[in-house]
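What follows is a single structure, written as structure tokens, with notes after it.
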Amino acid sequence: MVAHVWRMRARKKKTANYEKFGLQVTLAALRKIKGCAEAHFLRVESRKPEYLWVVLWEDQDALEAARNNPAWKEQIKKFEAGQFYKTIPLELVCQSLGSFSTRAAKPRAAKKAEESEAPESAPESAGTSSPTPEGE
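Counting in the working numbering, the sequence shown runs without a single skipped number right up to 200 at its last residue.
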């Protein structure tokens, strides 16, 4: 696993546009590129607008192939045209030495699983009295 980490300080007046761009353009482009395992778009808690991208690739070859992918190149052109950054972004490529994940199942999927495991029961009576034998 290879992590591609990218840090950018944004122009204050461009933060809303950059966040929209990241969510709508960059994530969509990464989703289409083979070998991209995960992508995280993060806003850093600081006085000045700063963002991090942490993108996980299957391996170094997948990252290199992505850099030559037309979807990647188009996304970079759009990013540069937006003039979102105040300083030149810092880019790091890191080899994973180990990791873990504590991802929970999506609530919707978990609910469906519970429903399929629960035994079927008759609807409960709205009244407070117990059922009586017929004829009484």
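Cβ coordinates follow ideal geometry from the N, Cα and C atoms, glycine included. Please read these numbers as outputs of a predicted model, since none were measured by experiment.
key: Integer-rounded CB distance, given that Glu114 should sit under 8 Å from Ala74   = 7 Å between Cβ atoms; contact.
task = Under 8 Å by Cβ, that's how I've got Leu91 and Phe105 pegged, so tell me the actual separation to the nearest angstrom.
result = 6 Å
message = Could you tell me the alpha carbon to alpha carbon distance between Lys141 and Val89, rounded to whole angstroms?
response = Whole-angstrom Cα-Cα distance: 11 Å.
C-alpha distance - Trp117 paired with Ala103, whole-angstrom precision = Trp117 and Ala103 have their C-alpha atoms roughly 7 Å apart.
inquiry  = Can you tell me where the alpha helix (DSSP H) holding Arg95 begins and where it ends?
reply    = 91-96
key: Helix, strand or coil at Glu138 [DSSP, three-state]   = helix
request  = Can you grab the Cα-Cα spacing for the pair Phe164 / Gln124, in whole Å?
outcome  = 20 Å
request  = Can you grab the Cα-Cα spacing for the pair Gln139 / Thr166, in whole Å?
outcome  = For Gln139 and Thr166, the distance between alpha carbons rounds to 31 Å.
query = Out of curiosity, what's the CA-to-CA distance linking Cys158 and Phe143?
reply = Approximately 23 Å, taken between the alpha carbons.
inquiry  = So, at 7 Å on beta carbons, what are the nonlocal neighbours of Arg111 in its own chain, with the 5 sequence-adjacent residues on each side left out?
reply    = none
request  = On a CA-only basis, which of Thr151, Leu120, Gly146 is nearest Lys84? Give me that one, please.
outcome  = Gly146
message = Our contact map puts Cys100 next to Val119 with C-beta atoms below 8 Å; I'd like the distance itself, whole angstroms only.
response = 6 Å
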